[in-house]
Amino acid sequence: MIGITGFGGYLPRLRLSRQAVAQANAWYAPSFAGRKGTRTMANWDEDSITMAVAAARDCLGVGEDRQHVRAVFLASDTLPFAERLNAGVVAGALTLAEDIEAIDMGGSQRAALSAVAQAVARVQSGAGDVLVLAADDRRTRAASQQELDYGDAAAALLIGTDKVLAEYLGSSTLSVDFVDHFRASGEDMDYHWEERWVRDEGIGKLMPRAVAAALQQAKVNAGQVDHFIFPSSFAKMDGQLAKACGIRAEAVVDALLDRVGDSGLPHGLLLLAHVLERAQPGQVIVVAQFGSGAQALVFRVTDAIGSFKPVRGVSQWLARGVEERNYTKFLAFKGQVQLERGMRGEQDKKTALSTAWRHREALMGLVAGRCEVTGSVHFPPSRLSYDQGKPLQDTQKPYKLADRQARILSWSAEYLSYHPAPPHHYGQIDFDGGGRILMDFTDLDVGEVDSGTAMEMVFRVKDVDERRGFTRYFWKATPVRVASANA
């Protein structure tokens, strides 16, 4: 049996109010006045790589040994680097083995489903478990329909053969050059074609063929489908497609458009991860997406579904959201408006790539060194253990800090230096079991932290060298929050 052995997701904490967007643009686009709900909004230090890492950690959980993961497929249409292996950055942050295969995928909103199909084929060949990640952080034009519809998110599936939670039954793909929207190389924003044409000639004719073929390969009747996933920002499109395919109306899965928006490429897997949180043994799940053709996958939930829980899951990510009504902040975080930085924001941020390579485990994986003699933890790790009065050499072993709880020893929040989201919060963090690092804080409100506040680690953008186009990543601390259970 081959299928899903783990799942997870990630939603940014900030949720942009659609009413705030409508009010800011009422002078130009008064037709948006009635739009309600929120859409997820990535923080300034989040992108497709950091969100993919967050979803992967939600799926994999806390574990020193991740040797069972033998490949990482990262699907995204908004990868930060055109010539640098983005999946390799993710693998480093997850401290995966260096001999794994890492692949970037994109070019279509159904690329995440293609990644799952390729992962199944790889597992069938006996090559080990595959971690499939999908993330998008898309830009839109101000006062556009997409600005209200889009959202930022990531999802993760682990495909393997051990303790399968949802068995893979079959799939179908149609690869045709039906252009509903496109984005040329070097451009930041999509160009969309007319909605009715896309609905009638694209989705309406291509998707039923793909779904029917997938069900035929899976040997499942349309009436047996318990959960039907088809993400689309077109109103009632998922219900219309289900009816055309012979699938019961009650099987249609809520696409979370009112709270998340349409996250694009990862949205199908995000909804699948959400469904798996509540799925029952024996239920059949169909997940389908449209883009440069059509694709559909079919799964059957197994008796093992109750044996797994993600670290948080989509439900808790939903519950932890905080509404953001500052439209200017949204534009600034997306890089669509340039705010005054002052002289202190003019420093050169060139990254020394040789130094980054030599210290890659510490910088990417937050790996410290623990002295085998004294038990003390040192970051960054080095050949010398510098306990007072006990200088020792070559006694440190790798000691991972990313999944360890920590607390604030001392902190500061200041406006003196330039920061994309002032005030700039940072401080000394003490880790349970040893280790102390001076690091930035993120995803918090003024007055939310103090000495002794429990913190957890998140992988984020440290800064961006805009002159050379290089993004530097590191870990930051964020307050530990207990999400409500009413997601």
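Take any residue in the sequence shown, count from 1 to its spot, add 2: that is its number in the working numbering. Note that beta-carbon positions come from the ideal geometry of N, C-alpha and C, so glycine has one too.
Integer-rounded CB distance, given that residue j should sit under 8 Å from residue i
i: Pro-233; j: His-269; result: 4 Å
i: Ala-156; j: Ala-56; result: 6 Å
i: Arg-372; j: Lys-399; result: 6 Å
i: Val-451; j: His-421; result: Not quite, the Cβ-Cβ distance comes to about 16 Å (not below 8 Å), so this is no contact.
i: Gly-429; j: Ile-410; result: 5 Å
i: Val-379; j: Gly-435; result: 7 Å
i: Arg-68; j: Gly-153; result: Between Gly-153 and Arg-68 the Cβ distance is about 29 Å, and since that is not below 8 Å, they are no contact.
i: Leu-267; j: Gln-111; result: 5 Å
Simplified DSSP state of residue i, which is helix, strand or coil
i: Met-107; result: strand
i: Arg-17; result: strand
i: Met-239; result: helix
i: Ser-234; result: coil
i: Leu-446; result: coil
i: Thr-7; result: strand
i: Arg-470; result: coil
i: Ser-414; result: strand
i: Gly-94; result: helix
i: Lys-311; result: coil
i: Asn-488; result: At Asn-488 the pLDDT is 41, less than 50, meaning the model places this residue with poor confidence; the figure from the coordinates comes in the next sentence. Asn-488 falls in the coil class under three-state DSSP.
i: Asp-465; result: strand
i: Glu-100; result: coil
i: Asp-305; result: helix
i: Gly-323; result: coil
i: Ala-253; result: helix
i: Val-288; result: strand
i: Val-300; result: strand
i: Ala-244; result: helix
i: Gly-435; result: coil
i: Val-316; result: helix
i: Tyr-475; result: strand
i: Gly-293; result: coil
i: Gly-429; result: strand
i: Ala-186; result: coil
i: Ala-89; result: helix
i: Met-457; result: strand
Proximity below 7 Å, CB of residue i to CB of residue j
i: Thr-7; j: Leu-176; result: no
i: Tyr-170; j: Ile-307; result: no
i: Leu-499; j: Ala-321; result: In this structure the chain extends from 3 to 489, so residue 499 is not present and cannot be described.
i: Ala-104; j: Val-74; result: yes
i: Arg-140; j: Thr-80; result: yes
i: Met-366; j: Gly-94; result: yes
i: Asp-106; j: Ala-89; result: yes
i: Ala-84; j: Leu-135; result: no
i: Ser-174; j: Ala-216; result: yes
i: Ala-168; j: Phe-301; result: yes
i: Arg-37; j: Arg-59; result: no
i: Ala-158; j: Cys-247; result: no
i: Ala-298; j: Ala-212; result: yes
i: Asp-433; j: Ala-456; result: The question names Asp, but residue 433 is Phe in the sequence shown. No, these two residues do not count as a Cβ contact at 7 Å.
i: Val-286; j: Ile-231; result: no
i: Arg-261; j: Ala-22; result: no
i: Thr-444; j: Thr-473; result: no
i: Val-324; j: Arg-15; result: yes
i: Asp-151; j: Gly-263; result: yes
i: Val-504; j: Thr-304; result: The first residue shown for the chain is 3 and the last is 489, placing residue 504 beyond what the model contains.
i: Ala-114; j: Ala-137; result: no
i: Lys-402; j: Asp-442; result: no
Closer than 6 Å: residue i CB and nearest the ligand MG heavy atom
i: Glu-363; result: Inclusion of the ligand MG in the displayed structure is not the case, the ligand content being empty and no account of it being possible.
Interface flag, residue i vs chain B, CB-CB below 7 Å
i: Arg-409; result: Absent from the structure is chain B; it holds one protein chain and no more.
Whole runs of the beta strand (DSSP E) within the stretch 111-177, excluding any shorter than 3 residues: 131-138, 155-162, 168-177
Cβ contact check for the stretch 275-287 and the stretch 315-323: 3 or more pairs under 8 Å: yes
Runs of alpha helix (DSSP H) lying entirely within the stretch 325-408, each at least 4 residues, in chain order: 329-335, 355-360, 362-367
Contained alpha helix (DSSP H) runs [length at least 4] in the stretch 190-223, N- to C-terminal order: Every alpha helix (DSSP H) of 4 residues or more that sits fully in the stretch 190-223 is shown, in chain order, as 206-220.
Completely contained alpha helix (DSSP H) runs for the stretch 258-284, where each covers 4 or more residues: With a minimum length of 4 residues, the continuous alpha helix (DSSP H) runs that stay inside the stretch 258-284 are 269-278.
4-residue-minimum alpha helix (DSSP H) runs that sit fully inside the stretch 9-87, ordered along the chain: Runs of the alpha helix (DSSP H) lying entirely within the stretch 9-87 and spanning at least 4 residues, in chain order: 20-26, 50-62.
Three or more C-beta pairs below 8 Å linking the stretch 138-152 and the stretch 244-256: no
Given 8 Å, three or more beta-carbon pairs between the stretch 454-472 and the stretch 38-49: yes
The stretch 382-389 touching the stretch 336-350, judged by at least three CB pairs closer than 8 Å: Contact fails: fewer than three Cβ-Cβ distances are below 8 Å.
Meets three-Cβ-pair contact criterion under 8 Å: the stretch 282-298 and the stretch 175-189: yes
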